[in-house]
Each structure stands twice: as C-alpha cells, then as structure tokens.
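Residue numbers (my numbering): 39 to 357.
Don't be surprised by glycine CBs; every beta carbon is placed ideally from N, CA and C.
Owing to the predicted nature of the structure, the values given are computational and were not obtained by experimental measurement.
Here's the structure we're looking at; comments come further down.
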C-alpha cells in the first residue's frame with residue numbers, strides 16, 4: 039500500500055506541476071496578453087500562427103502539407119484532444135518567445151513536425167508526435183528538430199512514438215562557429231515509445247534530460263556527440279539496447295544514406311546525476327563532462343514513479 043500511495047502521490051504531483059515551466063525555457067510567455075483566436079480550418083490556422091502577439095487555439099483536426107511559419111510572442115494550443123495536424127508541421131525560424139502545446143502532429147512527410155531554427159525562448163509541451171515504422175528510415179524527417187544556434191528551449195511532457203529519427207539538436211558537426219555556446223535545453227517528462235534513434239541526438243548543447251520514460255527505443259536513445267554536454271538523471275529505459283552513448287559514430291540507423299558502417303563524428307560528453315534505470319541496456323560513456331548542475335531549481339519525480347507519471351501525464355488532452 040505504501041508503494042501504491044507513493045506512485046499515486048507522484049502522479050498527482052506530476053499533474054500539478056506539468057503545466058509549469060521549470061527548466062531552460064523559464065520566462066517564455068508566448069502570446070500572453072495578446073489577441074486570442076480559435077480556428078478550425080487549415081487556412082485560418084496558417085494565417086493565425088503567422089501573427090505576432092497572439093494566442094491561437096486549434097479546435098479541429100486539419101490537414102495540410104509542408105510547414106506553417108510561426109511568429110514571435112505566440113502561443114499555439116490545441117483544445118482538448120481536438121487539435122490534430124495531419125501531414126504538416128510548424129516552423130519557428132528566427133523568432134523568440136513561442137509556446138506550442140497540446141497538439142498532435144501525425145505523419146508529417148518531407149518536413150519535421152516542429153522545426154526550431156535560430157530561435158530562443160521556446161516551450162514545446164504536452165504534444166503528441168506520431169508517424170509509422172512501415173515506411174523507410176528516411177520517409178519521414180524529424181518529429182522535433184532544434185538547430186542553428188537556438189537557445190533556452192524546453193521540451194516537456196510530449197509523447198513521441200512510432201518513428202525512426204525522433205529529435206535532433208544541432209544540424210551538423212561543421213556548425214560550431216554558429217552553435218557553440220548556444221543550445222541550453224531541458225527535456226523532461228517526455229515519453230518515447232517505438233522509435234529507433236534520436237531520443238534525442240545532440241550536438242554542441244548544454245542539455246538537461248531528466249524524468250523521461252523510454253519504452254522500446256530500438257537502436258539508440260540519448261546520443262551526445264560533437265562536443266555536446268548532457269546532464270542525464272532519473273530517466274527510465276525499457277527494451278532499449280543502448281540508452282545513452284557519447285561515442286560520436288552516427289550509426290547507420292540514424293544516417294543510412296551516407297555510409298553502411300555509419301559516419302564518424304566527434305564524441306560528446308555526459309554526466310550522470312541522480313540514478314537512471316537503464317533496464318537491460320548498456321550505455322556507451324566515452325567521456326564525462328563539466329556540465330554537472332543547472333541554474334534553476336527542479337524536483338525529480340522518484341525513479342520508481344517515472345513510468346506511471348509520464349505515461350499518464352504526457353501527450354495531448356492533459357493540460
């Protein structure tokens with residue numbers, strides 16, 4: 039009974055704090071105080087998200103191709119479980135102060151579900167990203183990719199599933215002149231299920247990853263490479279062969295079109311904070327780093343309660 043009460047308490051605590059910014063995204067306000075609009079068609083949605091200083095509610099399933107550009111000081115929020123985007127994604131390029139919450143991105147072909155480029159103060163929270171594993175490795179792009187010197191981004195309570203290459207941070211090892219000193223990121227309480235790689239893969243970052251739950255990450259989970267610094271704590275992995283690697287090699291399942299043996303890149307770094315549960319997997323920790331603490335306060339969900347808290351709290355319809 040004590041164990042059950044601890045788990046239930048953790049779930050209630052998770053639900054209480056799951057609508058709060060607690061990491062590197064703290065201070066992001068989106069369109070708070072701006073004009074509010076509710077849309078239910080793709081054309082209206084495209085127009086609305088391109089207007090700065092606004093809160094946009096999506097109250098229907100819509101379909102489009104490509105990506106719609108998002109303006110600064112904007113919040114995009116799904117209503118209940120109605121905010122579904124089929125086939126298309128969002129691009130946040132050279133913007134600041136953007137919130138994307140409670141949306142489902144389904145089978146985005148040829149683009150990322152969300153691309154964040156050259157932007158800062160972005161919060162991606164309580165979304166669902168889904169594709170399928172029946173097409174080839176490169177049929178879909180990333181579910182959430184963060185590239186080109188972004189900074190102060192928080193990724194929380196999202197459900198990523200049924201995809202090959204889920205979430206990439208940093209476009210290239212050759213991009214150090216632009217990226218070095220950027221990419222302060224927090225990934226917490228996300229749920230990855232049935233993905234192959236990039237959960238996430240990171241270059242040049244200072245990334246704090248805590249209380250994420252991984253179920254059946256087929257090839258590789260967290261991959262720190264190209265001088266990335268990651269602080270990894272209180273995450274839980276099930277059916278995951280390699281939960282964490284700092285070895286720079288980009289495995290074929292992550293980059294299949296370049297070399298059948300993978301592509302060599304510089305190693306990354308990792309520090310392990312509060313204990314992680316690696317399950318039956320083996321980590322490949324080639325370098326420890328200097329990133330051992332973060333400049334914000336946070337409370338870890340107890341390791342034994344991570345699965346229950348994350349699987350019940352991540353995704354849409356839960357804010």
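Under the three-state reduction of DSSP, residue 128 is assigned to strand.
For residue 308, the pairing in a beta bridge is given by DSSP as 268. The three-state reading of DSSP puts residue 146 in coil, since its state is none of H, G, I, E or B.
Taking 9 Å as the cut-off, the beta carbon of residue 257 is found no closer than this to the beta carbon of residue 271. Here residue 74 carries a strand assignment [DSSP, helix/strand/coil].
If you look at residue 216, you'll find it in the alpha helix (DSSP H) that goes 214-217. For the options 93, 266, 65, the alpha carbon positioned closest to that of residue 76 is the one of 93. By the 16-neighbour rule on beta-carbons within 10 angstroms, residue 245 is buried. Put simply, of 253, 336, 351 the residue whose alpha carbon is nearest the alpha carbon of residue 274 is 253.
Annotation for residue 136: the continuous beta strand (DSSP E) segment containing it runs 134-139.
Exposure of residue 215 is indicated by the presence of fewer than 16 other C-beta atoms within 10 angstroms of its C-beta.
In its chain, beyond the 5 residues on either side, 126, 127, 148, 149 have a beta carbon closer than 8 Å to the beta carbon of residue 104. Fewer than three Cβ pairs drawn from the segment 184-195 and the segment 166-174 lie within less than 8 Å of each other, which leaves the two stretches out of contact. Beta-carbon to beta-carbon, residue 108 and residue 114 are separated by about 7 Å, close enough to satisfy the 8 Å threshold. In this structure, the CA atom of residue 317 is about 11 Å from the CA atom of residue 251. For residue 83, the enclosing alpha helix (DSSP H) begins and ends at 80-87.
Annotated three-state conformation of residue 351 is helix, per DSSP. The beta-carbon separation of residue 236 and residue 206, rounded to 5 Å, stays under the 8 Å limit for a contact. Ranking 230, 286, 112 by CA distance to the CA of residue 306 puts 286 first. Just measuring C-alpha positions, the residue of 154, 218, 141, 69 sitting nearest residue 96 is 141. Rounded to whole angstroms, the gap between the alpha carbons of residue 319 and residue 260 is 12 Å. Under the criterion of beta carbons closer than 8 Å, residue 72 and residue 111 qualify as touching, at roughly 7 Å. DSSP lists 96 as the beta-bridge partner residues of residue 116.
With contacts defined by Cβ atoms closer than 9 Å, residue 264 and residue 313 do not form a contacting pair. For residue 78, the CB contacts under 6 Å within the same chain, skipping 5 residues up- and downstream, are 97, 98 in chain order. Bridge partners of residue 106 according to DSSP: 128. Taking the CA atoms as reference points, residue 161 sits about 18 Å from residue 74.
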